[in-house]
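Novice:
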Amino acid sequence: MTTARQRTLHMAAERNGRQSPPVMDAGMRKDLPAGVMRPEAGGLYDPTREHDACGVGFIVNLKNIPSQKTVQNGLKILENLEHRGAVGADPLMGDGAGIMVQIPHKFFLKESARLGLRLPEKGRYAVGFIFMPQDAELRLKMERVVNKVIEDEGQSVIGWRDVPSDNASLSKDPEIVATEPFHRQVIIGRGDDVADEETFERKLYIIRKVISAKIFSAFEGKPNDFYIVSMSCRTLVYKGMFLSWQLSAYYKDLHDPDFESALALVHQRFSTNTFPSWRLAHPYRFVCHNGEINTVRGNVNWMAARQASVSSPLFGADINKLWPISYPGQSDTACFDNALEFLLRGGYSLPHAAMMLIPEAWAGNPLMDEDRKAFYEYHAALMEPWDGPAAMCFSDGIH
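Going letter by letter, the sequence shown gives residues 455 to 853 in my numbering.
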C-alpha cells in the first residue's frame, strides 16, 4: 500500500508522461519492492500487520435547504479522505468512492424539459440509477425488462436518460476499462393508487427486487453487467471504482448549478474481505461503512432462515417477491444494507432499525438507563447483532 504522497507524485509524473521514481523517506525500509515503503519494525509496530480502513464523511444543512454548495462540500470531504482508500498496482485504480444526495428536483426539471418529458411534482416520481452493459443491444433488452416490471407493478416509466461521464481520469488498462459500465437513469412516475411517499418507496423496493430477479434469470451469465445503484423518490447515489478525487471528475451531473441537496454522504473504500468492483463501492442505498462486520455469515444465514415465517400487513402477498433478502457474492456492508432496507420498508423507522441491527453494549452496563436497556434486551430476542463495524453512516433522505 503506497502513501497518499507517493500516489500523488506518481500520478503527477504519469500525467507529465514520465516515470516517477520511488519516494524514499527517512526510516523507511529499503529492502522492499519499489513503491512499497514501510517503516522499520519497532516496539509494538510490525509492518506485516499493517492495515487501514475506509473513509466516511457526511455533511447536512440542518434547515433542510438544498444547495449545490452542500454537494461540493461533500465532494471536498471525499477528496480529503484519499488517504483512507486503497489503490492497486495501477495507481489510477481505486477500490471505490461514492456520494449519496437527495434527489435534486430542479436539476431533473431541467433535464426532463431537455428530453421532452413531463416531470411531476417532487415526491411523485423516483429516479433509478442503473449500471448497465456497454453492449447497446443487450442494454435495450434489459431496459425492456425494467419497463415491464415497473408497469406490471402499477407505476409508469416517464423516461430514461444517459448519465454523462468523463473517464479521462481513469486507468487505461484494458482489463480495467472493460469493467466500466454504461450509466442510465430511469424516471418512474408514482401510480394513482399509491397514497404517499412511504408507500411509493415500498413499491420501489418491490420493483427493484423483481427486476433484479428477472434480469438474473433471463440473462444468465450477464447479471454482473446490471446493477441498480439506487431507486428512490428521495435519494440518489453516484459511485464507482474510483479514487476519491475521480468521482468528482467522472460524473458531470455533480457540478451542475441545479444539482442541489441538503445532505451528502461520502465514502472512500478500502476493501478488506472482497475484491473491488463498481457495484461494491459505497454508499449503498442507505449506508456507508468504515470497518468490517465480523458476524456477517451468521447474520445472513439467520435472515434467510426467517424467510419462511415472515409476514407483513404492509407487503401482503408481495413479500414473496423480496426473497432472497441478501444476494450471494456481496460484501458485508451490502448485506447489512439489505437487512436495514427490509426492516425499514417493513414499517420500522430508520433509527429504530439501525439500533436493532447494531445494538450498544447494553448487558451489564451500569451507565445505561433502564428504558434503553429494555429496548435492547427485547430486540435481542428478535435480531442477532451485526457486530464489528467501526462507524456506520446512514440516511433515507429524511433522517
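Glycine is no exception: its CB is placed at the ideal position from the N, C-alpha and C atoms.
Kindly indicate which three-state DSSP category K564 falls into: helix, strand or coil?
Specialist: DSSP places K564 in helix when its eight states are reduced to three.
Novice: What do you get for K693, buried or exposed, if any count of 16 or more other CB atoms within 10 angstroms of its CB means buried?
Specialist: Buried, by the Cβ-count rule.
Novice: Let me know the beta strand (DSSP E) ranges lying completely inside the stretch 737-778, each 3 residues or longer, listed in chain order.
Specialist: Taking only runs of at least 3 residues, the beta strand (DSSP E) segments lying wholly in the stretch 737-778 are 741-745.
Novice: Do L794 and F740 have their CB atoms nearer than 7 Å?
Specialist: Against a cut-off of 7 Å, the Cβ pair of F740 and L794 comes out as a contact.
Novice: Do the stretch 686-706 and the stretch 539-559 touch if we need at least three Cβ pairs shorter than 8 Å?
Specialist: Cβ pair count under 8 Å is three or more, so yes.
Novice: Closest by CA to D549, which one among I557, S766, P558, R538?
Specialist: When only C-alpha atoms are compared, the closest one is R538.
Novice: CB K775 to CB K663, shorter than 7 Å?
Specialist: Cβ distance < 7 Å, so K775 and K663 count as in contact.
Novice: Should T633 be listed as close to the ligand PLP, given that the test is whether its C-beta is under 6 Å from any heavy atom?
Specialist: What this structure holds is no ligand at all, so the ligand PLP is not there to describe.
Novice: Quickly, what does DSSP pair C847 with across the bridge? List them, please.
Specialist: In the DSSP output, where bridge partners are listed per residue, C847 has C742.
Novice: Going by DSSP, what residues sit across from Q639 in a beta bridge?
Specialist: In the DSSP output, where bridge partners are listed per residue, Q639 has F583, R615.
Novice: For H505, collect the residues of the same chain with a Cβ closer than 8 Å to its Cβ; drop the 5 residues on either side in sequence, then sort them by chain order.
Specialist: In this prediction, H505 has a pLDDT of 49, which is less than 50 and means its spatial position is unreliable; nothing more can be read from the coordinates.
Novice: Check whether the stretch 636-646 and the stretch 610-621 are in contact - that is, three or more C-beta pairs closer than 8 Å.
Specialist: They touch, by the three-pair rule.
Novice: Find out if the Cβ-Cβ distance for the pair D850, L804 is shorter than 7 Å.
Specialist: Yes, the pair counts as a contact, with Cβ atoms nearer than the cut-off.
Novice: Just grab the DSSP bridge partners of T689 for me.
Specialist: The partner list for T689 (beta bridge, DSSP) reads Q556.
Novice: Decide if the stretch 569-585 is in contact with the stretch 623-640; the criterion is three or more beta carbon pairs, one per stretch, under 8 Å apart.
Specialist: Because the criterion of three Cβ pairs below 8 Å is met, the stretch 569-585 and the stretch 623-640 touch.
Novice: Assuming C687 and I557 form a contact by the criterion Cβ under 8 Å, report the distance between their Cβ atoms to the nearest whole angstrom.
Specialist: Confirmed, Cβ separation roughly 7 Å.
Novice: Let's see if you can read the secondary structure: which residues bound the beta strand (DSSP E) around I513?
Specialist: It spans 509-514 - the beta strand (DSSP E) in which I513 sits, taken as one unbroken run.
Novice: When you compare only the Cα positions, how much space is there between K517 and F673?
Specialist: The alpha-carbon atoms of K517 and F673 are separated by roughly 45 Å.
Novice: Just to confirm my understanding: we take K560, look at its own chain, exclude 5 residues before and 5 after, and list those with CB closer than 7 Å. What are they?
Specialist: If we look at K560 and ignore the five residues flanking it on each side, its Cβ neighbours are D712, E714.
Novice: Quick one: is R723 buried, meaning 16 or more other Cβ sit within 10 Å of its Cβ, or exposed?
Specialist: Buried: at least 16 other Cβ atoms inside 10 Å.
Novice: DSSP has H721 in a bridge; who is on the other side?
Specialist: DSSP, once it has assigned bridges, lists V510, G552 as partnering H721.
Novice: With distance defined between alpha-carbon atoms, name the residue in E655, H709, N819, E536 nearest to Y579.
Specialist: Selected option, being the one with the closest Cα: E655.
Novice: Which first and last residues belong to the alpha helix (DSSP H) in which F696 is found?
Specialist: F696 -> no alpha helix (DSSP H), and no H or E assigned at all.
Novice: Can you check DSSP and say which residues form a bridge with Y681?
Specialist: BP columns for Y681 point to F585.
Novice: Count the CB pairs spanning the stretch 834-850 and the stretch 749-756 that are closer than 8 Å, and state whether there are at least three.
Specialist: With a cut-off of 8 Å, the stretch 749-756 and the stretch 834-850 count as touching, because enough Cβ pairs lie within range.
Novice: The alpha helix (DSSP H) that contains R593, what's its start and end?
Specialist: Unbroken alpha helix (DSSP H) run through R593: 590-606.
Novice: Let me know if S765 comes out buried or exposed under the rule of 16 or more other beta-carbons within 10 Å of its beta-carbon.
Specialist: Flag for S765 reads exposed.
Novice: May I ask which residues mark the beginning and end of the alpha helix (DSSP H) holding D786?
Specialist: Looking at the DSSP string, the run of the alpha helix (DSSP H) that includes D786 is 786-799.
Novice: Does the distance from the CB of N744 to the CB of C508 come in under 7 Å?
Specialist: In this structure, C508 lies closer than 7 Å to N744 by Cβ.
Novice: Based on the DSSP secondary-structure assignment, which residues constitute the bridge partners of Y705?
Specialist: Its beta-bridge partners are S619.
Novice: Assuming Y704 and N621 form a contact by the criterion Cβ under 8 Å, report the distance between their Cβ atoms to the nearest whole angstrom.
Specialist: About 6 Å; that satisfies the 8 Å criterion.
Novice: So, for V720: in the same chain, excluding its five sequence neighbours on each side, which residues have a beta-carbon less than 6 Å away from its beta-carbon?
Specialist: Around V720: G511, G528, I531, L532, I553.
Novice: So what does S715 bridge to, in DSSP terms?
Specialist: In DSSP, S715 forms a bridge with S521.
Novice: Kindly list the residues whose CB is nearer than 6 Å to the CB of L768, restricted to its own chain and excluding five residues on each side of it in sequence; keep chain order.
Specialist: The residues are G801.
Novice: Can you tell me which of E651, I660, F562 puts its alpha carbon nearest to the alpha carbon of G770?
Specialist: Comparing Cα positions, the closest option is I660.
Novice: Rounded to a whole number of angstroms, what is the C-alpha to C-alpha distance between I773 and A828?
Specialist: Going by the C-alpha atoms only, they are around 30 Å apart.
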